[in-house]
Amino acid sequence: MRTGEPAPAPVGPSEIARVIRNLLDNAIRHAPDGSRVLIELTPQEAGILVRVVDQGEGFEPASGQRLLVDPGRVEPRPGRASGAGLGLVIARGLVEAHGGRFWVEDGVGGRVAFWVPATA
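Start counting the sequence shown at 1044; every next residue gets the next number (this note's numbering).
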């Protein structure tokens, strides 16, 4: 885990813990055995950016954002772990309920990020 200076956010610790737990569960499920999962915490002036990166196959460019809306419409890749896909949807809902943003990123490995605003 990498972290910078503390950055307060207007969310309860249990909600953020659930978001991170969902993202970690997803990363562990889809990454190769024995690989690493990185959590990056980046304080920003208006909030905090959290990114979870694994060494798995990542997201198909056309389906990454669709996973966050309707996971049932995205076919898993052959040989890939399957699941209902609700972990990402729940995480997105919790982040957005607190005024944040949630997205998947293209790139090597699975990359999911979210941003939550700092308290006023």
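Just so it is clear, CB atoms sit at the ideal spot from N, CA and C, and this is done for glycine as well.
Fair warning: this is a prediction, and the values are worked out from it, not measured in the lab.
Could you pull out every residue in the same chain whose Cβ sits closer than 6 angstroms to the Cβ of residue i, ignoring the five residues on either side in sequence?
i	result
residue 1092	1085, 1158
residue 1154	1096, 1148
residue 1058	1137
Give me the DSSP bridge partner(s) of residue i.
i	result
residue 1093	1084, 1157
residue 1148	1154
If I measure Cβ to Cβ from residue i and keep anything under 8 angstroms in the same chain, skipping five residues before and after, which residues do I get?
i	result
residue 1089	1160, 1161
residue 1075	1098, 1099
residue 1063	1082, 1093, 1095
Can you give me the Cβ contacts of residue i inside the same chain, cut-off strictly under 7 angstroms, excluding the 5 residues immediately before and after it?
i	result
residue 1133	1065
residue 1156	1092, 1093, 1094, 1146, 1148
residue 1152	1096, 1097, 1098, 1099, 1101
Using three-state DSSP, classify residue i as helix, strand or coil.
i	result
residue 1100	coil
residue 1135	helix
residue 1078	coil
residue 1073	helix
residue 1055	coil
residue 1142	coil
So, under 8 angstroms CB-CB, residue i and residue j are touching, yes? Tell me the CB distance rounded to an integer number of Å.
i	j	result
residue 1095	residue 1067	7 angstroms
residue 1072	residue 1098	Contact flag wrong, Cβ pair sits at about 13 angstroms.
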